[in-house]
Structure formats: C-alpha cells, structure tokens
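Reading through the structure tokens given below for one structure.
In my numbering, the protein residues as written are 885 to 974.
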C-alpha cells in the first residue's frame, strides 16, 4: 500500500509538471499579446477564404514548415520581418 501511494503521488507530480511545461507556461507567455496598430479583423471574404484554405488542406504545402537551408529566411530574401504572435490576433 505504501509503494502504491508513492507511485500515485509520483505520477500526479509528473502529470502536473508536464501540464505546466506544455500548457500553462506557453499560455502565460502569449496571454497579454496585443494586436499591432493598424491590424484589422478579417473581412467576410477573407474569412471565407480562410475556411476554404483550411478545408482544402492547403496548409500542408503552403505553411511555415522547416525547409532546406538553401531557401533561407524571408528577411534574407528581402521579404520583410519575421512573424510574431500578435500578427495572428484575428
């Protein structure tokens, strides 16, 4: 009975640590992110396009997945700054 209690307590401890690391800490880092100046909510046409993009699985090819080094970053290509969490507020 004593070993079962230790096992249960250890399991609960590990679960709470994992939950903190994977859920709570990331939430705490982005909860106060405000939308940048000039960013507007999606129009109805943009929302329909977004829904179509998701429904057709476009994200599988047209995403920010890691690519080979020869593609480089957008900044290296002169395409602008890197995205930040606030860019996706809407």
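We put the beta carbon where it would ideally sit given N, CA and C, even for glycine.
Item                                                                                      : Value
Euclidean distance between Cα positions of residue 973 and residue 915                    : 11 Å
Integer-rounded CB distance, given that residue 958 should sit under 8 Å from residue 920 : Not really, about 17 Å apart at Cβ, beyond 8 Å.
Residue from 909, 918, 898 with nearest C-alpha to residue 969                            : 918
Under 9 Å between C-beta atoms of residue 967 and residue 948                             : yes
Limits of the alpha helix (DSSP H) - the one that residue 890 falls within                : 886-903
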